[in-house]
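Numbering (our numbering), first residue to last: 792 to 1106.
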């Protein structure tokens, strides 16, 4: 390419910045999930310097590229053409070119195309470089008020009701905050299913239109959120559902005791109580006291065994 199209630069405000040369590699570039200002400087430079920018939808990506004055060759790569487009991108990479992969929004591969391409690149010995940035699941999690020390991103739930319930049942005992994507028109139905499978008392949050003009975070119990969206019109925009882990209940003491003793075999009592609190949602102090009680009762039993000679007549 020549002239303006050959420029490897990007524009911030009124300033045009030349992009430094890019080493041959597959670059996974995170792009804004709504607000175009949420792009990193490194992402801009990578997109401006890459030989090829592979886009989920070239029309959507062109809005971002035009905003920052990036004039690079774009190529469509999505789930429907991956079988044809993927080998061409691999060939370009093997020929020493650089390829930047972007999705319509957020981090590539997170419920977006790219998994097979990355796998093939690694199999071919091609360097894969992540360029981190915006991610809808993480944005929702951090604003949800739910535990963030352990979380599971589960993508989209199945559309069919039976399969959806089966999937939710499989996730019921996961000791972590659960994160899902969902279509706004299925939100009320999905929340009803989560109440049925996980119980209505769990804390939860709904993130809608994150980083955009009409951004909304609604929190409450699963039941209260299910009731709200069942009684309102279908919401608009992108939806992220966060569901907190189940909390320890009074009718599970034997299970909790076994968990505490198992953890205490591997770490100090204080740390074991902290880990159990993370896994069950219980209070660390209460779990610590319970562990000490279990250890004391165990010592007493052992002492009783040591004092019992079990003799039948030795003198």
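Glycine included, C-beta positions come from ideal geometry on N, C-alpha and C.
In three-state terms, what does DSSP make of residue i?
{"i": "residue 1060", "result": "helix"}
{"i": "residue 910", "result": "helix"}
{"i": "residue 1002", "result": "coil"}
{"i": "residue 861", "result": "coil"}
{"i": "residue 1030", "result": "strand"}
{"i": "residue 804", "result": "coil"}
{"i": "residue 1040", "result": "Any answer about residue 1040 is weak, because its pLDDT of 45 lies below 50 and its placement is not dependable; what the coordinates show is given next. Coil at residue 1040, not helix or strand."}
{"i": "residue 866", "result": "strand"}
{"i": "residue 983", "result": "helix"}
{"i": "residue 824", "result": "coil"}
{"i": "residue 893", "result": "strand"}
{"i": "residue 974", "result": "coil"}
{"i": "residue 960", "result": "helix"}
{"i": "residue 809", "result": "strand"}
{"i": "residue 847", "result": "coil"}
{"i": "residue 1105", "result": "For residue 1105, the predicted structure reports a pLDDT of 43, less than 50, and the residue's modelled location is therefore unreliable. A value from the coordinates is still provided. It is coil, neither helix nor strand."}
{"i": "residue 1047", "result": "helix"}
{"i": "residue 921", "result": "strand"}
{"i": "residue 993", "result": "coil"}
Using the C-alpha atoms, what's the distance from residue j back to residue i?
{"i": "residue 807", "j": "residue 1074", "result": "55 Å"}
{"i": "residue 826", "j": "residue 881", "result": "31 Å"}
{"i": "residue 1041", "j": "residue 930", "result": "At residue 1041 the pLDDT is 41, less than 50, meaning the model places this residue with poor confidence; the figure from the coordinates comes in the next sentence. Near 33 Å, if we compare the C-alpha coordinates of residue 930 and residue 1041."}
{"i": "residue 854", "j": "residue 1062", "result": "50 Å"}
{"i": "residue 1051", "j": "residue 861", "result": "56 Å"}
{"i": "residue 852", "j": "residue 993", "result": "38 Å"}
{"i": "residue 811", "j": "residue 832", "result": "12 Å"}
{"i": "residue 926", "j": "residue 1083", "result": "42 Å"}
{"i": "residue 924", "j": "residue 897", "result": "7 Å"}
{"i": "residue 1028", "j": "residue 885", "result": "40 Å"}
{"i": "residue 952", "j": "residue 984", "result": "8 Å"}
{"i": "residue 872", "j": "residue 1081", "result": "57 Å"}
{"i": "residue 764", "j": "residue 964", "result": "Summary: the structure shown does not reach residue 764, with the chain confined to residues 792 through 1106, and so no result is reported for it."}
{"i": "residue 972", "j": "residue 878", "result": "30 Å"}
{"i": "residue 809", "j": "residue 828", "result": "19 Å"}
{"i": "residue 909", "j": "residue 928", "result": "21 Å"}
{"i": "residue 1057", "j": "residue 962", "result": "26 Å"}
{"i": "residue 1005", "j": "residue 934", "result": "15 Å"}
Do residue i and residue j have their CB atoms nearer than 7 Å?
{"i": "residue 969", "j": "residue 1034", "result": "yes"}
{"i": "residue 966", "j": "residue 1070", "result": "yes"}
{"i": "residue 1026", "j": "residue 975", "result": "yes"}
{"i": "residue 936", "j": "residue 1010", "result": "yes"}
{"i": "residue 917", "j": "residue 818", "result": "no"}
{"i": "residue 1068", "j": "residue 1054", "result": "no"}
{"i": "residue 1030", "j": "residue 978", "result": "yes"}
{"i": "residue 1013", "j": "residue 998", "result": "no"}
Mind reading off the beta-carbon distance from residue i to residue j? Whole number of angstroms is fine, and I expect it under 8 Å.
{"i": "residue 889", "j": "residue 948", "result": "Residue 889 to residue 948, Cβ: 37 Å. No contact."}
{"i": "residue 904", "j": "residue 870", "result": "5 Å"}
{"i": "residue 920", "j": "residue 912", "result": "No, residue 920 and residue 912 are not in contact; Cβ-Cβ is about 10 Å, not under 8 Å."}
{"i": "residue 1085", "j": "residue 1046", "result": "Wrong, their Cβ atoms sit about 13 Å apart, outside the cutoff."}
{"i": "residue 902", "j": "residue 874", "result": "Not a contact, Cβ separation roughly 20 Å."}
{"i": "residue 856", "j": "residue 863", "result": "7 Å"}
I'd like to confirm something about residue i: is its beta-carbon nearer than 6 Å to some heavy atom of the ligand ADP, or not?
{"i": "residue 1081", "result": "Within the structure as shown, the ligand ADP is missing, as the structure has no ligands at all."}
Handout entry: the segment 933–942 in contact with the segment 842–854 per 3-pair CB rule at 8 Å
Key = no
Exercise for the section: Check whether the segment 823–840 touches the segment 893–912, counting contact only when three or more Cβ pairs, one atom from each stretch, lie closer than 8 Å. Expected result: yes
Practice task
Report yes or no: do three or more beta-carbon pairs, one from the segment 1064–1071 and one from the segment 1015–1029, lie closer than 8 Å?
Solution key: no
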